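Worksheet: the structure to be examined is printed underneath.
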Amino acid sequence: MRHWRTGLFMAAPVLLGFIFLVLYPVVSVIRDSFTSYNPLSGDAAFIGADNYTRLIQDETAIEVAKNTLIFACILVPVNMALALFLAILLNLHFRGRTTFRAIFFSPVIVSTVAWTIVWKYILQDDGPFNYFIGLAGVDGPNWLRDNPWPMISVVMVQVFKNLGMNMIFFLAALQGVPEEMYESSEIDGANRWQQFKKITMPFISPTILLVAILTIAGAFQVFAQVLLLTGGGPGLSTTVLSYYIFINAFQIFDLGYASALAVCLFVFVMGLTVAQWQIRTRWVFREV
Amino acid sequence: MRSKTNKRYARRNSKLTGWRLFGIYSLLLVISIPFIFPTWWMFTASLKPIEEVFVFPASLIPNDFQISNYAEVFRLQPFLRQYWNSMFIAILVTIISVTISTMGGYAFARISFKWRSKLFVVLLSALLMPAEVTLIPIFRLMVKSGLSDSFFPIILIPAFGAHAVVGLFLMRQFFLDFPAELEEAAEIDGLSRWRVFTKIALPLSGPALASLAIISFLYSWNLFLEPLVFLTEPNKYTLPVVLPQFTDTYGAPIFNVQLAATSLSVIPVMIVFIMAQRHFIRGITMTGIKS
């Protein structure tokens, strides 16, 4: 304890940044959600829970909440399953595996904006994707206009963009499973699937939990993809909560209402995280 | 029994060959298409005349090279200026956030101070905070203090905000595995805790610092929501904000020029990645989550 001064001093910049750029804004956004704050009309009156009653009656908001859930419910399992699958494949010994790792990781370093702009062209009705599947005799729909494809397109573009990060996390975890465990289980006559279920999964379960938490939190923040790929459309079909907040806050400047929406998003993400943390004992073999 | 086990064990560790290898290669090649094709197509389409971008049959290599698309990028926007903005902001953000995250990460890993573990849990909540939640009050504050149309919030938020906590988390993870004997020896020699950090710990954390620097640089370079909200003058734009704005007077995107600008923003990052990819991925694995 005798170095506590040095410790606090060294942690101070991040702590202060956290207080002013995370903690204060969260408190402030909760306060704003009870006001009619709008910089255009100069309004900032305290209006109680009006924003929240409006939110419950706002059919758009309900639709948006539904879309957000659909988005997360497709994105998270697809992303994690594919990332784990690729990590297992690329953990095998063969020539060229580092090249493949780099290939799957490469979209992570590209900006979301650049990645989305390019995909928007690829998925156009007369774009290269429809051309190439046309060669195989498939008459592709307009991926960004014909429901339900716009939502699936946004999800997949996001999956390809960020999957590499999760893959690397899983690879690191797989490399940490001690080889002796497999050896002794083989002496006991376990097959590959049993090994995967009884050794690999329990061992990497803390990483699975962490990746799940980060992927879910990320799924609720998807923004640029929606703005640039579909603009939330057609209709409302791809408008998710974070995009809806952006429109309310920075295009209509209805900051009071946007704050109420932001509080909902915040409660949503935190609630899910706490829930996952609570059930961790059930499926996480080792403590993190 | 024993020999059979040995054989299976040997198979697990030996290199794949024959049909199994062929199977894995074909599977991986098919899966890699959506990861590689966009970059290839972006670059080739940026060299095509506009009529060729959506022509059937789609060409993988331009029939007609039109380098002038790249000149057009600089004619339509103050692109050099915007490039510099992105670079300048990313460098500043990297310097600041690497410095403070490393100090903080070291403190949380190696120095016990009051409420350390409680503070750490509170800090971790920043990892889950959607940017939209915190942005509204910060926007309000910046407008009030007249700093909204400046680089100030674009540097401040990534350098000191939630991203700094990510950095702190990664560096803490790294310093937790640092051998304690080295530090103890140094302390016996009478070095202060701060000096132990700068003289012993820092010189040995080069690879971790490098990967943190890369992560921070990319984070700032690719930041979109904050510059989109704060910056209003084209002269102050960063690259992600300007890329969607290569449009004609009716607002329709000029495909080939837009893709040329996009290529210009992606290519330097790609080159650095291809050259350093081994260190890059290893660095993330190392600082990343091991347990």
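If you're matching them up, the sequences are chains A and B in order. Here the first sequence is numbered in my numbering, starting from 1 and rising by one per residue. Here the second sequence is numbered in my numbering, starting from 289 and rising by one per residue. Virtual Cβ for every residue (Gly too), placed ideally from N, Cα, C. Remember, it's a predicted structure, so these values are computed and weren't measured experimentally.
Between the C-alpha atoms of proline 141/A and proline 350/B, what's the straight-line distance to the nearest angstrom?
For the purposes of this step, residue 141/A is identified with residue 141 of the first sequence, where counting begins at 1. For the purposes of this step, residue 350/B is identified with residue 62 of the second sequence, where counting begins at 1. Looking at the two C-alpha atoms, the distance is approximately 26 Å.
Drop a sphere of 10 angstroms on the beta-carbon of glutamine 365/B, count the other beta-carbons inside from all chains shown, and report buried for 16 or more, exposed for fewer.
As a first step, residue 365/B is located in the second sequence; it is residue number 77 there, counting from the start. Its Cβ being crowded by 16 or more others within 10 Å, glutamine 365/B is buried.
Under 8 Å by Cβ, that's how I've got alanine 258/A and isoleucine 245/A pegged, so tell me the actual separation to the nearest angstrom.
Counted from its first residue, the first sequence places residue 258/A at position 258. Counted from its first residue, the first sequence places residue 245/A at position 245. Their Cβ separation, rounded to whole angstroms, is 5 Å, which keeps alanine 258/A and isoleucine 245/A in contact under 8 Å.
Can you tell me whether methionine 604/B is buried or exposed? The criterion is at least 16 other CB atoms within 10 Å of its CB, across all chains shown.
This structure does not reach residue 604/B, given that chain B is present from 289 up to 579, and the question cannot be answered.
Looking only at its chain, what residues have a beta carbon closer than 6 Å to the beta carbon of methionine 165/A, apart from the 5 residues adjacent to it on each side?
Within the first sequence, residue 165/A is the residue found at index 165, counting from 1. Result list for methionine 165/A: Val108, in chain order.
With a threshold of 7 Å between beta carbons, is serine 579/B in contact with chain A?
For the purposes of this step, residue 579/B is taken as residue 291 along the second sequence, with counting starting at 1. Interpretation of serine 579/B is limited by its pLDDT of 36, a score under 50 that renders its predicted location unreliable; no figure is taken from the coordinates.
Please list the segments of the alpha helix (DSSP H) lying wholly inside the region 3-51 of chain A, counting only runs of 4 or more residues, in order along the chain.
4-18 and 24-32
Could you tell me which whole alpha helix (DSSP H) segments of length 4 or greater appear in the region 481-543 of chain B?
494-509, 513-518 and 527-530
In this structure, how does DSSP classify isoleucine 664/B when only helix, strand and coil are distinguished?
Here chain B comprises residues numbered 289 to 579, so residue 664/B is not present and cannot be evaluated.
At the level of alpha carbons, what is the spacing between valine 255/A and serine 242/A?
Indexing the first sequence from 1 puts residue 255/A at position 255. Indexing the first sequence from 1 puts residue 242/A at position 242. Looking at the sequence itself, residue 255/A is leucine, so the reference to valine does not match. Between leucine 255/A and serine 242/A, the C-alpha separation is close to 14 Å.
Could you give the first and the last residue of the continuous alpha helix (DSSP H) run that contains alanine 61/A?
On the first sequence, residue 61/A is found 61 positions in, with the first residue counted as 1. 59-90 is the span of the alpha helix (DSSP H), which, as asked, contains alanine 61/A.
How big is the Cα-Cα spacing for glutamine 158/A and phenylalanine 20/A?
For the purposes of this step, residue 158/A is identified with residue 158 of the first sequence, where counting begins at 1. For the purposes of this step, residue 20/A is identified with residue 20 of the first sequence, where counting begins at 1. Cα to Cα, glutamine 158/A sits roughly 31 Å from phenylalanine 20/A.
Cα separation between leucine 92/A and threonine 98/A?
In the first sequence, the residue the question calls residue 92/A occupies position 92. In the first sequence, the residue the question calls residue 98/A occupies position 98. Distance between the alpha carbons of leucine 92/A and threonine 98/A: 11 Å.
Check this for me: beta carbons of asparagine 79/A and threonine 239/A, under 7 Å apart or not?
Within the first sequence, numbered from 1, the residue matching residue 79/A stands at position 79. Within the first sequence, numbered from 1, the residue matching residue 239/A stands at position 239. No, the Cβ-Cβ distance between asparagine 79/A and threonine 239/A is not below 7 Å.
Specify, as a first and last residue, the run of the alpha helix (DSSP H) that threonine 387/B falls within.
Taking the first residue of the second sequence as position 1, residue 387/B is located at position 99. 367-398 is the span of the alpha helix (DSSP H), which, as asked, contains threonine 387/B.
Once DSSP output is grouped into helix, strand and coil, what is the label at tryptophan 403/B?
Along the second sequence, one-based indexing puts residue 403/B at 115. Note: tryptophan 403/B maps to coil in three-state DSSP.
Can you tell me the Cα-Cα spacing of proline 446/B and leucine 309/B, whole angstroms?
To locate residue 446/B, count along the second sequence from 1; it is residue 158. To locate residue 309/B, count along the second sequence from 1; it is residue 21. Spanning the alpha carbons of proline 446/B and leucine 309/B requires a straight line of approximately 44 Å.
Serine 28/A CB to nearest chain D CB: under 7 Å?
Annotation note: the requested chain D is absent from the structure, which comprises protein chains A and B.
Spatial neighbours of valine 76/A within its chain, please: C-beta separation below 8 Å, excluding the five flanking residues on both sides.
Here residue 76/A corresponds to residue number 76 of the first sequence, with the count starting at 1. Once the five neighbours on either side are set aside, the close Cβ partners of valine 76/A are Ala212, Thr215, Ile216 and Ala219.
If we cut at 7 Å on Cβ distances, does glutamate 420/B have a partner in chain A?
Residue numbering aside, residue 420/B sits at position 132 when the second sequence is read from its first letter. Yes - at least one Cβ of chain A is within 7 Å of the one on glutamate 420/B.
Got a sec? Which residues, its chain only, sit under 8 Å from lysine 120/A by beta carbon, not counting five neighbours each side?
The residue you call residue 120/A lines up with position 120 of the first sequence. Counting only Cβ-Cβ distances below 8 Å, and skipping sequence neighbours, we find Leu144, Leu228 and Leu229.
CB-CB under 7 Å to leucine 314/B, same chain, minus the five flanking residues each way: which ones, in chain order?
Against the second sequence, residue 314/B aligns to sequence position 26. Sequence inspection shows serine at residue 314/B; the leucine mentioned does not correspond to that position. Taken in chain order, the list of residues that qualify is empty.
I'd like to know if proline 77/A contacts chain B, where contact means its C-beta is closer than 7 Å to some C-beta of that chain.
Here residue 77/A refers to the residue found at position 77 when the first sequence is read from its first residue. Under the Cβ criterion of 7 Å, proline 77/A is not counted among the residues facing chain B.
Step through the CB atoms of chain A and report whether any lies within less than 7 Å of the CB of alanine 298/B.
In the second sequence, the residue the question calls residue 298/B occupies position 10. Reliability of the predicted coordinates at alanine 298/B is poor, the pLDDT of 45 falling under 50, and no value is obtained from them.
Is alanine 450/B close to chain A, meaning its C-beta is less than 7 Å from at least one C-beta of that chain?
Your numbering for residue 450/B matches position 162 in the second sequence. Yes, because at least one Cβ of chain A sits closer than 7 Å to the Cβ of alanine 450/B.
Beta carbons nearer than 7 Å to chain B: which residues of the region 235-269 of chain A have them?
Against chain B - using a Cβ distance shorter than 7 Å - the residues of the region 235-269 of chain A are Ser242, Ile245, Phe246, Ala249, Phe250, Leu255, Ala258, Ser259, Ala262, Leu265, Phe266 and Val269.
Which of the three DSSP states, helix, strand or coil, is assigned to lysine 578/B?
Taking the second sequence and counting its residues from 1, the one referred to as residue 578/B is at position 290. For lysine 578/B, the predicted structure reports a pLDDT of 43, less than 50, and the residue's modelled location is therefore unreliable. A value from the coordinates is still provided. If DSSP states are grouped into helix, strand and coil, lysine 578/B belongs with coil.
Taking 7 Å as the CB-CB limit, is leucine 513/B close to chain A?
Taking the second sequence and counting its residues from 1, the one referred to as residue 513/B is at position 225. Yes - at least one Cβ of chain A is within 7 Å of the one on leucine 513/B.
On the three-state DSSP scale, how would you describe alanine 219/A?
Taking the first sequence and counting its residues from 1, one reaches residue 219/A at position 219. Alanine 219/A falls in the helix class under three-state DSSP.
How about valine 222/A: is its C-beta nearer than 7 Å to some C-beta of chain B?
If you number the first sequence from 1, residue 222/A lands on position 222. Chain B, which has no Cβ nearer than 7 Å to the Cβ of valine 222/A, makes this no.
Does the CB of valine 517/B have a neighbour CB from chain A at under 7 Å?
Counting from 1 along the second sequence, the entry for residue 517/B is found at position 229. At least one chain A Cβ lies under 7 Å of valine 517/B.
Comparing the C-beta of leucine 21/A with each C-beta of chain B, is any distance below 7 Å?
In the first sequence, the residue the question calls residue 21/A occupies position 21. It does: the Cβ of leucine 21/A has a partner Cβ on chain B nearer than 7 Å.
Quick one: is glutamate 186/A buried, meaning 16 or more other Cβ sit within 10 Å of its Cβ, or exposed?
For the purposes of this step, residue 186/A is taken as the residue at position 186 of the first sequence. Classification of glutamate 186/A: buried, given that the 10 Å Cβ count is 16 or more.
Starting from leucine 309/B, trace the alpha helix (DSSP H) in both directions and tell me its first and last residue.
Locating residue 309/B in the second sequence gives position 21, where the first residue counts as 1. Where leucine 309/B is concerned, the enclosing alpha helix (DSSP H) stretches over 306-333.
Strictly under 7 Å for the Cβ-Cβ distance: is isoleucine 569/B near chain A by that measure?
For the purposes of this step, residue 569/B is taken as residue 281 along the second sequence, with counting starting at 1. At least one chain A Cβ lies under 7 Å of isoleucine 569/B.
Thinking phenylalanine 534/B and valine 545/B are a contact (beta carbons under 8 Å), I'd like their distance in whole angstroms, please.
Stepping through the second sequence from its first residue, residue 534/B is reached at position 246. Stepping through the second sequence from its first residue, residue 545/B is reached at position 257. Going by Cβ atoms, the distance from phenylalanine 534/B to valine 545/B rounds to 5 Å, so yes, they are a contact pair.
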